[in-house]
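Below is one structure; the comments refer to it alone.
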Amino acid sequence: MAKIEFNDVRKVYGTNQVVHGITLEVADGEFVVLVGPSGCGKSTLLRMVAGLEEITGGTISIGGRVVNDLEPKDRDCAMVFQNYALYPHMSVYDNMAYGLKIRKLPKAEIDRRVNEAAAILELEGFLARKPRQLSGGQRQRVAMGRAIVREPAAFLFDEPLSNLDAKLRVQTRLEIQKLHRRLRTTSLYVTHDQVEAMTLAQRMIVMNAGRAEQVGTPDEVYSRPATTFVASFIGSPPMNLFPGRVSPDGQAFVAADGTRIGLPESVKQLGGRELILGVRPENLHLGGDNLAVQVETVEVLGAEHLIHAKFAGTGLIVRTGPHSSPAPGSMAPIGFSPEAVHWFDPATQQRINL
Amino acid sequence: MVEKRRWLDVLSYAIVIAGILLVAFPVYLAFVASTQTAEAVEASPMSLIPGDLLIENYRKVLFEGGDVGSRAPVGRMMFVSLTMAVGIAVGKIIISLLSAFAIVYFRFPLKYFFFWMIFITLMLPVEVRITPTYEVMSDLGLLNTFPGLIMPLIASATATFLFRQFFLTVPDELAEAARIDGAGPIRFFVTILVPLSVTNIAAMFVIQFIYGWNQYLWPLLITTSEDMYPIVIGIKRMIGGGDAANEWNLVMATAILAMIPPAIVVLLMQRWFIKGLVETEK
């Protein structure tokens, strides 16, 4: 086990810079998730830790040792790939033992570790099988087993759940969580799925276009998004964002097309400023006098309804309980409380804390 | 498509049977001829029922050779052919696997130049470069030797290209996983890439064995002594020119013998070959 430190890490392909100076410290035993849309540089960052990509600038150290110029095998990391990358011609046992055999561990020790990992992952009955005789979930577990037997300083996960179906994904997510609680190995986990990120992370890094937009616990990131990007990326459906201007007395917000939104609490100090107002769909409720919208459609999801409405020239989504949806086409009054309001600066897209 | 028409079945069977007869009849004729006396073969029409000299004729060609034209025993020729064919097939596979490995998995200066050099030799068959190759082999003193027979035919752009295409379908993550597991390039090649290529190697072996077995022009140039003749040349040499009566029965026996090893290779490797085509898992 070890901590991983990123110090102004940059990656440039030719003239194309994909990672712009990431600085971060992953504590010993911590589970950190890198989340962001495709092409944001999160996988590249992970592959730089593994040693599969060269580090253009800055340093990465694992357990206090700078690994920039070390071969992957000398970095003491184990990686789980999206497509599992199991060796198709080897049995499950040999897949897990391969790295240990190369390290010339004694046979008895290899046997012990593989059997132990197989027990943890419930793979005991499958050790003699070939990967193609396994289901997707089992293959995924073998890939994790291959990482576990190495007893590495750090686990690197590169979207390990993307190839599983929805049900299995939820189940495996929980298993990964349990596994981490049990092994306490420093883990870096890359995903584009914000639900995965929220549920697994002790801390998460939201990345966009090669930059870390926000680093924090899932709760911090959700309740106090640092930028409009984080606000719309984390949370599903995304946060409603309206550009506009606060009225001079701070009692109302005037959206770009002139629609008024009554604010639940006066914000005198922001009076007259050009801002972006953000409210999460789950913080809006039917009834109240803050704004009125025309309902377009209602998505019935069982435990909740998503009301899509036309408002201020753009759309607005309200997430409500299952019983109270207005008919499409009707007008609905909407309210929200002072804590639900997020303010962002339109020029910098940064959060404004009151 | 479900078709239930009797006449269509009859027609398709008729075509298939006609095709088989067309291919099989000459082989049968050769076999029948190889079991008779030379005079019986010359008779017109030749009997289509096998004679009683099966063992006698084959024993004679295998261990003594014919009396007209070349007198080398066919047993030795088969040994020469077999060594040459296996040597060419194995050599080609090893060289092509290694060069495909280099081209696909390594970054080195002039990589694409080398790739295209190999690719361009596809356009240069043995016949085109045969004179300079002969010159080189004779300077090296390799005339009438197995290395001389085998080496010039080993380099193969086709096989290199085929293995390259296969390696490109192997997911990159496999190589990356092996690197993280601590496997160096050679270990990755031997323990992962080659086992994955087994079915392709089998297919290549079949094709290249037959290619090697059927070599005619190159052995014709480079071998001058009878004990280095491969069987394909042996057959030609047994047919004396001019007025001499040919021992067609022995020639046919040799031809049948020449057909057997490639047939065995195809039959034995067929299972792997088909497996390679059917298996989708990479």
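Each protein sequence line maps, in turn, to chains A and B.
Using my numbering, the letters of the first sequence map in sequence onto residues 1 to 354.
Using my numbering, the letters of the second sequence map in sequence onto residues 1001 to 1282.
Even glycine gets a Cβ: it sits at the ideal position worked out from N, Cα and C.
Any idea which residues DSSP pairs residue i with across the strands?
| i | result |
| --- | --- |
| glutamate 1135/B | Paired residues: none, contrary to the question. |
| tyrosine 13/A | Asn16/A |
| tyrosine 189/A | Val33/A and Phe157/A |
| histidine 285/A | Gly335/A |
| alanine 252/A | Gly262/A |
| leucine 316/A | Ala309/A |
| methionine 204/A | Val33/A and Gly216/A |
| tryptophan 343/A | Leu277/A and Ile352/A |
| phenylalanine 242/A | Leu277/A |
| isoleucine 4/A | Val26/A and Ile62/A |
| alanine 292/A | Pro333/A |
| arginine 211/A | Asn208/A |
| glycine 57/A | Arg10/A |
| valine 298/A | Ile307/A |
| threonine 227/A | Gln350/A |
Looking only at C-alpha atoms, which of the options sits nearest to residue i?
| i | options | result |
| --- | --- | --- |
| serine 91/A | Asn353/A, Lys42/A, Val49/A and Val142/A | Val142/A |
| proline 1147/B | Gly1091/B, Gln1208/B, Arg1271/B and Ser1034/B | Gly1091/B |
| proline 238/A | Gly278/A, Gly302/A and Leu164/A | Gly278/A |
| valine 1194/B | Ile1015/B, Pro1125/B and Phe1166/B | Phe1166/B |
| glutamine 138/A | Tyr189/A, Leu70/A, Ala147/A and Phe126/A | Phe126/A |
| glycine 1141/B | Ile1055/B, Arg1237/B and Thr1223/B | Thr1223/B |
| methionine 1228/B | Met1084/B, Ile1264/B, Gln1270/B and Pro1171/B | Met1084/B |
| lysine 11/A | Ala2/A, Glu54/A and Glu25/A | Glu54/A |
| valine 1061/B | Val1266/B, Lys1111/B, Arg1271/B and Ile1235/B | Ile1235/B |
| leucine 1217/B | Phe1163/B, Thr1169/B, Glu1226/B and Val1126/B | Val1126/B |
| tyrosine 189/A | Ala166/A, Phe157/A, Glu274/A and Pro72/A | Phe157/A |
| alanine 309/A | Val298/A, Ala255/A and Ala303/A | Val298/A |
| glutamine 177/A | His192/A, Val300/A, Lys167/A and Glu196/A | Glu196/A |
| glutamate 159/A | Gln194/A, Thr56/A, Ala153/A and Val67/A | Gln194/A |
| isoleucine 1120/B | Pro1109/B, Met1204/B, Leu1048/B and Phe1161/B | Phe1161/B |
| proline 163/A | Gln82/A, Arg132/A, Ile234/A and Gly145/A | Checking the sequence, you will find asparagine at residue 163/A rather than proline. Answer by Cα proximity: Gln82/A. |
| leucine 1168/B | Ser1197/B, Gly1184/B, Arg1187/B and Pro1185/B | Ser1197/B |
| phenylalanine 31/A | Leu45/A, Met198/A and Gly315/A | Met198/A |
Using a Cβ-Cβ distance under 8 Å, would residue i count as near chain B?
| i | result |
| --- | --- |
| tyrosine 98/A | yes |
| leucine 291/A | no |
| histidine 89/A | yes |
| leucine 179/A | no |
| leucine 183/A | no |
| leucine 164/A | no |
Give a yes or no on whether 8 Å exceeds the smallest Cβ distance from residue i to chain A.
| i | result |
| --- | --- |
| glutamate 1176/B | yes |
| tryptophan 1272/B | no |
| proline 1195/B | yes |
| isoleucine 1192/B | yes |
| lysine 1282/B | Note that lysine 1282/B scores a pLDDT of 42, beneath 50, so its modelled location is shaky; the value from the coordinates is reported in the next line. Answer yes: the Cβ-Cβ gap between lysine 1282/B and chain A drops below 8 Å somewhere. |
What does residue i touch in chain A if you count any residue whose Cβ is under 9 Å from its own?
| i | result |
| --- | --- |
| alanine 1183/B | Lys73, Tyr98, Gly99 and Ile102 |
| arginine 1187/B | Ile102 |
| proline 1171/B | Phe81, Asn83 and Ala85 |
Along chain B, which residues have their Cβ under 9 Å away from the Cβ of residue i?
| i | result |
| --- | --- |
| tyrosine 189/A | By Cβ distance, chain B contributes nothing, its closest Cβ being about 16 Å from tyrosine 189/A, past 9 Å. |
Output, in chain order, the set of chain B residues within a Cβ distance shorter than 8 Å of residue i.
| i | result |
| --- | --- |
| alanine 78/A | Ile1180 |
| leucine 34/A | None at all; the shortest Cβ gap to chain B is about 18 Å. |
| alanine 50/A | Glu1176 and Ile1180 |
For residue i, go through chain B and note every residue whose CB falls closer than 7 Å to its CB, in chain order.
| i | result |
| --- | --- |
| leucine 70/A | What leucine 70/A touches in chain B: nothing, since even the nearest Cβ is about 12 Å away. |
Please determine whether the Cβ atom of residue i lies at a distance below 7 Å from any heavy atom of the ligand HEM.
| i | result |
| --- | --- |
| glutamate 1173/B | Questions concerning the ligand HEM fall outside what the structure shown contains, since it holds no ligand whatsoever. |
Could you pull out every unbroken alpha helix (DSSP H) segment of at least 4 residues lying fully inside the segment 76-152 of chain A, listed in chain order?
-> 92-102, 107-120 and 136-148
Could you pull out every unbroken alpha helix (DSSP H) segment of at least 4 residues lying fully inside the segment 1195-1231 of chain B, listed in chain order?
-> 1198-1213 and 1217-1222
Report the residue ranges of all alpha helix (DSSP H) runs contained in full by the segment 1034-1101 of chain B; include only those spanning at least 4 residues, in chain order.
-> 1038-1042 and 1054-1063
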